[in-house]
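Structure first, commentary second.
Protein chains: 2
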Amino acid sequence: MIKAEILNIGDEILYGQITNTNAQWISAELDKIGIRVVRHSVVSDTEEAILEGLQEAEKRADVVLITGGLGPTKDDITKKTLCKFFDVKLIRHPEALRAVTHFFESRGREMLEVNRQQADLPENAEYIPNLKGTAPGMWFEKNGKIFVSMPGVPHEMQFIMQSYVLENLQKFFHTPCIVHKMIKTVGIGESYLAREIETWENNLPENLKLAYLPAFGMVRLRITGLGYDQEAVRRQIEQEVDKVLPLIDKYVYGFDDDDLAIAVGRLLVQNKKTLAIAESCTGGYLAHCFTQHAGSSEYLKGALVAYSNEIKINVLGVKKETIEQFGAVSEQTVLEMASNIRKLCNADIGIATSGIAGPGGATPTKPVGTIWVAYADENGTSAKLYQLGNDRMVNIQVTANLLIDWLRRKQGGRVK
Amino acid sequence: MIKAEILNIGDEILYGQITNTNAQWISAELDKIGIRVVRHSVVSDTEEAILEGLQEAEKRADVVLITGGLGPTKDDITKKTLCKFFDVKLIRHPEALRAVTHFFESRGREMLEVNRQQADLPENAEYIPNLKGTAPGMWFEKNGKIFVSMPGVPHEMQFIMQSYVLENLQKFFHTPCIVHKMIKTVGIGESYLAREIETWENNLPENLKLAYLPAFGMVRLRITGLGYDQEAVRRQIEQEVDKVLPLIDKYVYGFDDDDLAIAVGRLLVQNKKTLAIAESCTGGYLAHCFTQHAGSSEYLKGALVAYSNEIKINVLGVKKETIEQFGAVSEQTVLEMASNIRKLCNADIGIATSGIAGPGGATPTKPVGTIWVAYADENGTSAKLYQLGNDRMVNIQVTANLLIDWLRRKQGGRVK
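These protein sequence lines are chains A and B, in that order.
Residue 1 is where the first sequence starts when you use UniProt numbering, and the numbers rise one by one after that.
Residue 1 is where the second sequence starts when you use UniProt numbering, and the numbers rise one by one after that.
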């Protein structure tokens, strides 16, 4: 089995100022292509430490993936150390220079000499484009082993891995194939889900494995298959998916990279329905769940963050007496919010949230975590009450997921 | 300076199934007592890998903190490997046996032989009580170096560190102290910032180090000081902060744990100003930046995600002719959005975004990344144009940061 070591460079990790999420992300990706990670090492931003890390990793692993220590400021000495390690010179790479020049020109920003220096690469480096930033990735081969150097900024590193490194590692090492299939569920807890599919799970073929991955009110089921014939493993997994789906159909919103909001957006487009949102406790996050994805303008007409009662009354048209009599966090208020935003935006569907996200705002009868949500369409308006926990950010996220799931069920579950 | 290495044992980390939060937590705690972490290593649950990790760590560090590989199941071979490393035997420790017996008795649970074996410790181990679980901590001394073995469950490890290890490390090593200070900037790139403060940086005292930590249009500057008199190092750092601040004052929104939106919220409260937001391309994310933090209701009246032109016209009151003549992504439209949301919400300040976040929506004259933002108050309304990149999520986040920064400058920079 091909062995890999992940070498992260950065004092900010050693000082405990940031979590090393890069190591986990890379490990999970390598696992998917059948490469075994045998070591994570985090070293300081010094030549001595980086060189020691490289030399040790070279002994243990066939692939060394390096992150961090690339950037325009002078504390970055990774490239010089790589030159020393490979016994080569730093040379200005024309393609890298064109890329960094384009990066600055397209943004109308002045380019400094330190930025130009980002195009200086060890002469044995294969240049890997980084469309997300200015520090390129580098691919090296030494005695049949592969070394890859990438910037430490997570979304830049992920871009380089996905657009170049993973594919080329598979080609280089002819790794056996692993096939993953993710079934994405919402609205059912992990242990209940496990009970529903117990018999099916116990009868899975030897080469297929199942994992439960829960987060914020949703559980992803991951089926992992191993084999040498990718198409055969894929077919085998699809057969198992066909068996398990009828058992949990109403909880399944999609597969693989499907996102709940994207899946629901697709349903709305299919059903030719438009959406309007009135948010109080979720404060814009619910709208953001939809708008962070391209294509949301096809069905989302608008959203109002009615944070103050004044806005609820004057802009959204909630009756003053409703708020005075029942409070802003109440069934009556949230029903008016959903119904009124639907009319205000001339949309087919209105949804609304009003709750106490915390840590402040609790009353004797309404503790932190008291959340009302509502749904309105041409058939009427209804509301649901949830009692969540004490963490503000978790409450915001779980509320959004629960309400989006309600919208999903009202729209028929999923696009088939 | 006393050097430490953190050695985490666990295949679940190497497979990417969990994030190694223990390494970060321990690093941050050691940093506070002036012990420099020089390496994080994660190794597999095998004797060979653990032994190699111990031998390497012994060469580099004065303190080796080990987590994981302790527990009742048979895959835990850490203790046997520690015996091999120290060349000692495993013996049943009476105090540890009493503790584990008590743990089970007090919970009314049956104790198995594998649980009794948890009281078997290498004979040179000092026993460290673990009141949160059944696997005890162990403290070893070898040639003036300290080795500590702890369970991998985070709250058990943290209990052992806080109740025993940190205090005993300080006593054993008479450690010097490290002081950190973070200066948080926005609105200037890393390389430009470096140019502004180059002379100051080059003249920093030997015992102070500077690092640049960039993300989404913001750069954090970290000054790290080392010395034996904590108060003196703190004063020395403050003197350097006083020197550098005038050079970059307008970019600095806060220090240490300050968050940009929280800092701007504080300014608004101090200035007794209320805020209203009209968002198009940021789609709710801008409001979420403020509302994710408790206390935002003190200054935020509301936000409108005017995603469709219909909402821009009918709810926000942007003139139909403006959108027809100049387009939704235009200076004229964003000016009306900021001005109108201010009036609609009866707020002191209105801010607005309209842009092409991507990947779709580009026109020949307006490429993806074309972003207009506007600011309105009692003195009038003005707009700014930015040309950002191709990544939708990055564009949304950077737009929010740039506009929050503009709001910050308009409100006086920062609370002083």
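The beta carbon of each residue, even a glycine, is placed where N, CA and C say it ideally should be.
How long is the line joining the alpha carbons of residue i and residue j, rounded to whole angstroms?
i, j, result
"residue 454 of chain B", "B:T46", "Not covered by the structure: residue 454 of chain B. The range shown for chain B is 1 to 416."
"A:A276", "A:I349", "6 Å"
"B:N271", "B:Q411", "7 Å"
"B:A278", "A:K89", "53 Å"
"A:E196", "B:F172", "55 Å"
"A:K384", "B:N379", "44 Å"
"B:V100", "B:G283", "54 Å"
"B:P364", "A:S106", "15 Å"
"A:E29", "A:L97", "30 Å"
"residue 433 of chain A", "A:A374", "Look at the range of chain A in this structure, 1 to 416, and you will see that residue 433 of chain A is not part of it."
"residue 453 of chain A", "A:K343", "Since the displayed chain A opens at 1 and closes at 416, residue 453 of chain A lies outside it and no answer follows."
"A:E240", "A:Y251", "17 Å"
"A:H174", "A:D229", "12 Å"
"A:M1", "A:W139", "21 Å"
"B:S163", "B:K32", "16 Å"
"A:N8", "B:L112", "41 Å"
"B:I146", "B:E48", "21 Å"
Our contact map puts residue i next to residue j with C-beta atoms below 8 Å; I'd like the distance itself, whole angstroms only.
i, j, result
"A:I91", "A:E126", "So it is not a contact: roughly 13 Å between Cβ atoms."
"B:C177", "B:V233", "7 Å"
"A:F103", "A:T134", "5 Å"
"B:I6", "B:A23", "5 Å"
"A:L407", "A:I351", "6 Å"
"A:V165", "A:G225", "Contact doesn't hold; Cβ gap of about 23 Å is too wide."
Which residues does DSSP list as the beta-bridge partners of residue i?
i, result
"B:E8", "One detail in the question is off: residue 8 of chain B reads as Asn in this sequence, not Glu. Answer by DSSP bridge pairing, in chain order: B:V42 and B:T67."
"A:A306", "None; A:A306 has no bridge partner."
"A:R36", "A:K3"
"B:R222", "B:M182 and B:A211"
"B:T370", "B:Q387"
"A:Y375", "A:I351 and A:S382"
"A:V114", "None; A:V114 has no bridge partner."
"A:M138", "A:Y127 and A:S149"
"B:G227", "B:C177"
"B:P122", "B:L90"
Name the chain B residues whose beta carbon is nearer than 7 Å to that of residue i?
i, result
"A:P359", "A294"
"A:K3", "What A:K3 touches in chain B: nothing, since even the nearest Cβ is about 10 Å away."
"residue 417 of chain A", "This structure cannot settle anything about residue 417 of chain A, because the visible part of chain A is limited to 1 through 416."
"A:I9", "Here the premise fails: no neighbours, minimum Cβ distance about 11 Å."
"A:N340", "Here the premise fails: no neighbours, minimum Cβ distance about 12 Å."
Starting from the C-beta of residue i, find all residues in its chain whose C-beta is less than 7 Å away, skip the five residues before and the five after it, and write them out in chain order.
i, result
"A:Y299", "G265, L268, V269, K273, T274 and L275"
"A:G302", "A276 and C345"
"A:L14", "V42 and S44"
"A:A362", "I356 and V368"
"A:C289", "A261, A400 and I404"
How would you list, in chain order, the residues of chain B whose beta-carbon sits under 9 Å from the beta-carbon of residue i?
i, result
"A:R392", "Q292, H293 and A294"
"A:V315", "G302, L304, V315, L344 and C345"
"residue 418 of chain A", "No information on residue 418 of chain A is available, as it lies outside the stretch 1 to 416 that chain A covers here."
"A:K250", "Ordered by position in chain B, no residue passes the 9 Å Cβ test against A:K250, which lies about 28 Å from the chain."
"A:H155", "D391, M393 and V394"
Name the chain A residues that come within less than 8 Å of residue i, Cβ to Cβ?
i, result
"B:A306", "G302"
"B:V264", "None at all; the shortest Cβ gap to chain A is about 15 Å."
"B:Q239", "None at all; the shortest Cβ gap to chain A is about 22 Å."
"B:E190", "G71, P72 and T73"
"B:H102", "What B:H102 touches in chain A: nothing, since even the nearest Cβ is about 30 Å away."
"B:E56", "E56"
By the criterion of Cβ-Cβ separation under 9 Å, what are the contact partners of residue i in chain A?
i, result
"B:R195", "L112 and V114"
"B:I41", "In the sequence on display, residue 41 of chain B carries Ser and not Ile. Those are R39, H40, S41 and V42, listed as they occur along chain A."
"B:Q230", "Near B:Q230 there are no residues of chain A at all, since even the closest Cβ is about 17 Å away, more than 9 Å."
"B:E310", "K301, G302, C345 and N346"
Note down, in chain order, each residue of its chain lying with its Cβ closer than 6 Å to the Cβ of residue i, except the 5 sequence neighbours on either side.
i, result
"B:S27", "V37"
"A:R220", "M182, K184 and L213"
"B:N390", "G358 and V368"
"A:H40", "I6 and A23"
Excluding five sequence neighbours on each side, which residues of the same chain lie with their C-beta closer than 8 Å to the C-beta of residue i?
i, result
"B:H93", "A119, D120, L121, A125, Y127 and P136"
"B:K74", "Only weak support exists for where B:K74 lies, its pLDDT of 47 falling under 50; the value from the coordinates is given anyway. Result list for B:K74: V114, in chain order."
"A:H293", "D259, A261, I262 and G265"
"B:A328", "S280, N309, K312 and S354"
Check the Cβ of residue i against every Cβ in chain A and list those closer than 7 Å, keeping chain order.
i, result
"residue 499 of chain B", "Beyond the ends of chain B as shown, which are 1 and 416, falls residue 499 of chain B; an answer cannot be given."
Could you check if residue i belongs to the surroundings of the ligand SAM, using beta carbon to heavy atom distance under 7 Å?
i, result
"B:D87", "Within the structure as shown, the ligand SAM is missing, as the structure has no ligands at all."
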